[in-house]
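Colleague: Every letter in the sequence shown is one number past the one before it in the UniProt record's numbering, and letter 209, counting from 1, is 209. Using N, Cα and C, we set each Cβ at its ideal position, and we do this for glycine too. Starting off with a structure, shown below.
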Amino acid sequence: MCTPCCRSFTSYRVHVDPLAPLLDLADVAPAFAEARDSVDAAMRHRSLRRHGGQVAAEASLRAAVASAALEGSSYDLDEVRGGTVTDPVVQGALRVAESLGGLVDLWPRAPRQVLAKLHVLAARGVVHDHDLGRLTSGAERIDALAGLVAGNEETPPLLLAAIVHAELLTLRPFAGPAGVVARAAARLTLIGRGFDPRGLVTAEVGHLNREPEYVGSAGAYATGTPDGVRSWLRHYAAAITAGAEEIVVIGDGVLATV
């Protein structure tokens with residue numbers, strides 16, 4: 001089923017923001033503003049002045065571990081950090097996390113190419129090599145989503161990331177751990193559009209901590225109703241807020257060891 005936002009953005013080449021009406025849904029704009037404020041406050045953490053690289057590395061690791069857990073491959077963070085986990089979904093999520101910096105500039109220029117690349121990284125060892133990077137469904141909606149992402153400087157980054165994430169979760173257009181691809185694409189959007197330029201916000205941890213809500217709101221979004229979309233957007237804002245709080249946790253931990 002095509003969601004209301006999907007129907008609206010298929011007819012634009014993003015000179016006017018086709019997603020703007022979604023911010024008028026009840027409680028969405030205040031939730032997004034709260035998430036923005038939480039991220040801004042976290043970015044002032046004193047650990048980032050001298051130890052930003054350590055914080056970013058730990059945030060990337062935690063995001064990858066949480067993303068794999070949301071695909072059913074849940075492992076202790078320290079085990080993964082220690083290199084003892086060989087689960088292919090975990091290894092794929094780690095590869096994806098490591099690749100994001102090199103894909104930021106390409107994402108708004110060639111989103112379909114980036115999605116294929118993310119799937120190759122995420123699904124290697126999970127699906128047959130022949131299926132890596134190949135769409136299994138939803139080609140038309142992927143084209144519409146790519147049209148929304150490409151060159152879009154109108155949609156606020158948090159809203160765009162939320163829709164990218166939800167569309168890819170709804171479509172699951174790739175075999176295997178398609179959710180890892182969806183979460184990575186959302187992260188790329190936040191990084192590339194300047195909401196989280198250093199890749200510190202571990203929204204994946206927020207999704208995992210609220211997993212029943214994550215699953216339920218994603219399912220609600222897929223119904224295509226305004227209430228369903230609203231449910232997803234409010235969840236996404238809450239996950240971003242939790243991801244900002246995780247920056248503080250990581251930063252405090254880094255400062256405690258230096």
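Looking at the structure shown, is residue 262 part of a helix, part of a strand, or coil, going by DSSP?
Modeller: Outside the modelled stretch of the chain, which goes from 1 to 258, sits residue 262, for which no answer is possible.
Colleague: With contact counted as at least three CB pairs below 8 Å, one residue from each stretch, are the segment 158-169 and the segment 186-197 in contact?
Modeller: The segment 158-169 is in contact with the segment 186-197.
Colleague: Helix, strand or coil: how does DSSP classify Val127 here?
Modeller: Val127: strand per DSSP, three-state reduction.
Colleague: Within 10 Å of its beta-carbon, does Arg44 have 16 or more other beta-carbons around it, so buried, or fewer, so exposed?
Modeller: Exposed, by the Cβ-count rule.
Colleague: Could you spell out the range, first to last residue, of the alpha helix (DSSP H) harbouring Phe32?
Modeller: Its alpha helix (DSSP H) spans residues 28-42.
Colleague: Grab the span of the alpha helix (DSSP H) containing Ala162 for me, first residue to last.
Modeller: 157-171 is the span of the alpha helix (DSSP H), which, as asked, contains Ala162.
Colleague: Determine the extent of the alpha helix (DSSP H) in which Val201 is found, giving its start and end residues.
Modeller: That residue, Val201, is in no alpha helix (DSSP H); it is neither H nor E in DSSP.
Colleague: Using the three-state DSSP reduction, which class does Val104 fall into: helix, strand or coil?
Modeller: DSSP places Val104 in coil when its eight states are reduced to three.
Colleague: Between Thr155, Gln113, Arg134, which lies nearest to Ala146 when the distance is taken from Cα to Cα?
Modeller: Answer by Cα proximity: Gln113.
Colleague: Could you have a look at Tyr75 and say whether DSSP puts it in helix, strand or coil?
Modeller: Three-state result, Tyr75: coil.
Colleague: Please return the same chain residues whose Cβ sits closer than 6 Å to the Cβ of residue 260, not counting the five positions on each side in sequence.
Modeller: Any question about residue 260 goes unanswered here, given that the chain covers just 1 to 258.
Colleague: What does the alpha-carbon distance come out to for the pair Gly243 and Val120?
Modeller: Approximately 26 Å between the Cα atoms of the pair.
Colleague: To the nearest angstrom, report how far apart Val96 and Ala63 are at their CA atoms.
Modeller: Whole-angstrom Cα-Cα distance: 10 Å.
Colleague: Enumerate in chain order the residues of its own chain whose CB-to-CB distance from Asp17 is below 7 Å, with the five nearest sequence positions on each side excluded.
Modeller: Excluding sequence neighbours, Asp17 sits near Glu154, Thr155.
Colleague: DSSP three-state call for Gly179: helix, strand or coil?
Modeller: Helix at Gly179.
Colleague: Output the boundary residues of the alpha helix (DSSP H) element that contains Thr241.
Modeller: Segment 226-257, the alpha helix (DSSP H) holding Thr241.
Colleague: Please state if the CB of Ala185 and the CB of Pro111 are separated by a distance shorter than 9 Å.
Modeller: It is a contact, given that the beta carbons lie within the stated cut-off.
Colleague: Among Val258, Asp252, His165, Arg46, which residue has its Cα nearest to the Cα of Ala239?
Modeller: When each option's Cα is compared against that of Ala239, the closest is His165.
Colleague: Alpha helix (DSSP H) containing Pro212: first to last residue?
Modeller: Looking at the DSSP string, the run of the alpha helix (DSSP H) that includes Pro212 is 211-222.
Colleague: Measure the Cβ-Cβ separation of Ala237 and Ala56 and say whether it is below 9 Å.
Modeller: No.
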